[in-house]
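Novice: Residues 93 to 366 (this note's numbering) are what the sequence shown spells out, left to right. The structure's right below; bear with me while I get my questions together.
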Amino acid sequence: MPARDKAAIAALAKASRTGLITVEAAAGVLGISPPAASARLARLVRSGWAARVRRGLYLILPLEAQPGQKVTSEDPWVLARELFSPCYVGGWSAAEYWGLTEQLFRTTLVVTAAAVRRGKASFLGNEFRLYLVDPNRLAEGVVDVWRGNERVPVSSRERTLVDCLDAPELCGGVRHLAQLLREYADGGKKNIPCLLSVAEKCASGAGWKRLGFLSELLWPKEAAVQPVALKHISAGNARLDPAVHQRGRLRKRWRLWLNVDLHEFTPGEGQTTT
């Protein structure tokens, strides 16, 4: 390897964020123009010492790596932050992080306001499921967590639940959502005032319907939830699980079609249609 390239790799790896670096950042590190940095990075890609993630973003291999080896990102969360900002890690990925589920998902779920064209993406061997929202929905109930030496935004427990109440697909469906809500109550981290506060700012009318019904089903002793939910439910009827096309029975109190059987959670509870 030419000494110039070796020095460049060392400098770029030191300045990168878990190996990831933009053309603009590389130009600053190397003291050259962005076009020259782009050409230098392209040469490193051809020689197997870097990988192009997307236009303007590269992954630098450490000097101890073998050139041309299979390139992967150390942490898909950090990669997601670089690829899809403004964004946060949410849904089933956040639920797993907060210990609300033991189910493991290979795909990282990212809530983003970036201009993405598709709901799925694959980079450096990592699979991402993208859920597009307006930028003004990215702040409430989102916290930064450490991933190694990097901070990545992730939805809090309460924001994760509110997002999944609005769109159960974010956690794999309403049956898994019911499991998350039960674990939230049983795991010692329940904070109903915080949950209601986040819901006040973020939940849709359909989300309030699901929260009212599921809290009645799963948290019968949490009497404070249902009156608040009833004040926020919207007109019209929604499906308990939007991904299930059949309507099922109508729960008039919550204007909700019970199109998924949840009897195993609290047998006999919440099955009436009045």
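Cβ atoms here follow ideal geometry from the backbone N, Cα and C, with glycine treated the same way. Since the model is a prediction, treat every value here as computed from it, not as a measurement.
Assuming residue 270 is part of the alpha helix (DSSP H), what are its boundary residues?
Specialist: Looking up residue 270 in the sequence shown gives position 178. Where residue 270 is concerned, the enclosing alpha helix (DSSP H) starts and stops at 266–278.
Novice: Taking 8 Å as the limit between beta carbons, can you name the residues of its chain near residue 295, skipping five residues before and five after?
Specialist: Here residue 295 is taken as the residue at index 203 of the sequence shown, counted from 1. Here the set comprises 254, 257, 258, 303 and 324.
Novice: What is the DSSP secondary structure of residue 133, counted as helix, strand or coil?
Specialist: By one-based count along the sequence shown, residue 133 stands at place 41. Here residue 133 sits in helix by DSSP.
Novice: Whether or not the segment 165–179 and the segment 214–224 are in contact is what I'm after, with contact meaning three or more pairs of Cβ atoms, one per stretch, closer than 8 Å; do they touch?
Specialist: yes
Novice: Note the first and the last residue of the continuous beta strand (DSSP E) segment covering residue 144.
Specialist: Counted from its first residue, the sequence shown places residue 144 at position 52. Run containing residue 144: 142–146, per the beta strand (DSSP E) assignment.
Novice: DSSP on residue 98, reduced to helix/strand/coil?
Specialist: Taking the sequence shown and counting its residues from 1, the one referred to as residue 98 is at position 6. In this structure, DSSP gives residue 98 a helical state, which the three-state scheme calls helix.
Novice: Return the first residue and the last residue of the beta strand (DSSP E) that residue 200 is part of.
Specialist: As a first step, residue 200 is located in the sequence shown; it is residue number 108 there, counting from the start. Per DSSP, residue 200 belongs to the beta strand (DSSP E) from 200–204.
Novice: For residue 298, report the span of its alpha helix (DSSP H) as first-last.
Specialist: The count along the sequence shown starts at 1 and reaches residue 298 at position 206. Where residue 298 is concerned, the enclosing alpha helix (DSSP H) stretches over 297–310.
Novice: Would you say residue 203 and residue 225 are within 8 Å of each other, going by their C-beta atoms?
Specialist: Counted from its first residue, the sequence shown places residue 203 at position 111. Counted from its first residue, the sequence shown places residue 225 at position 133. Yes.
Novice: Counting only the same chain and skipping the five closest in sequence on each side, list residues whose C-beta sits under 7 Å from that of residue 301.
Specialist: Sequence index remark: in the sequence shown, residue 301 carries index 209 (1-based). Only 325, 330, 346, 347 and 348 meet the Cβ criterion.
Novice: Measuring CB to CB, does residue 129 end up less than 8 Å from residue 145?
Specialist: Sequence index remark: in the sequence shown, residue 129 carries index 37 (1-based). Sequence index remark: in the sequence shown, residue 145 carries index 53 (1-based). Annotated as distal: residue 129 and residue 145, with beta-carbon spacing of 8 Å or more.
Novice: Pull up the CB-CB distance for residue 305 and residue 341, whole angstroms please, since I reckon it's below 8 Å.
Specialist: Position 213 of the sequence shown, counted from the first residue, corresponds to residue 305. Position 249 of the sequence shown, counted from the first residue, corresponds to residue 341. Wrong, their Cβ atoms sit about 12 Å apart, outside the cutoff.
Novice: Going by the DSSP bridge assignment, what does residue 212 pair with across the sheet?
Specialist: In the sequence shown, the residue the question calls residue 212 occupies position 120. Paired residue(s): 221.
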